[in-house]
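Heads up, the thing below is written out as C-alpha cells.
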Amino acid sequence: MMAARETDDAASPLDEEFLLRQAAGDRALMCEVAQLFREQLKGQMAVIAGDGTAALRYEAAHTLKGASLAIGARPLAEAARQIEAGLRQVAEGGEQAGLDHLLPPLEAAAADCDAALAELLTRD
123 MMAARETDDA ASPLDEEFLL RQAAGDRALM CEVAQLFREQ LKGQMAVIAG DGTAALRYEA
183 AHTLKGASLA IGARPLAEAA RQIEAGLRQV AEGGEQAGLD HLLPPLEAAA ADCDAALAEL
243 LTRD
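Residue numbering for the sequence shown follows this note's numbering, beginning at 123 and increasing consecutively.
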C-alpha cells in the first residue's frame, strides 16, 4: 500500500508526508502551517486574478509558487510557475494575450489544494 500512496502523492494536490516532514513531525505545527497557507492562498489568488499591474500580479504568483513548494503542493506550484512566467513577460512589456488561458488551471489547482488542506485540518 505504501508504494501506491507514494505514486498517488505525485499527482495529489498536497504531499502530506512532505508537509509533516517540513513541520519536523509536529502535527500541531503542520496544521498551523496548513491554516496559514490557506489564508495566504486566498490573498495571493485575489492579487493574481485581480486588476493590479502585471508586476504586482507576478510577485503574487512568485510568492505563491514558493510557498506551494514549501508545503508540498506541487501541482499548485507548477500552475503558479506557469502564470508567473506569463506575467513576467507582460511586466516586461509583452502582450497580455494568451495569459487568460493560464488562470483557470491555477484556480483549479488552488481549489484542489485548499480542499486537501481543509480535509487535513478536519482530521487533525
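Glycine included, each C-beta is placed from N, C-alpha and C at the ideal position.
What is the DSSP secondary structure of G188, counted as helix, strand or coil?
-> helix
Sequence-distant residues of the same chain with beta carbon closer than 6 Å to P197, five excluded per side = P135, A231
Output the distance between the C-alpha atoms of F159 and G208, rounded to the nearest integer angstrom.
-> 24 Å
When the Cα of E229 is compared with those of E200, E217, L243, which residue comes out closest?
-> E200
Consult DSSP for Q218 and reduce its assignment to one of helix, strand or coil.
-> coil
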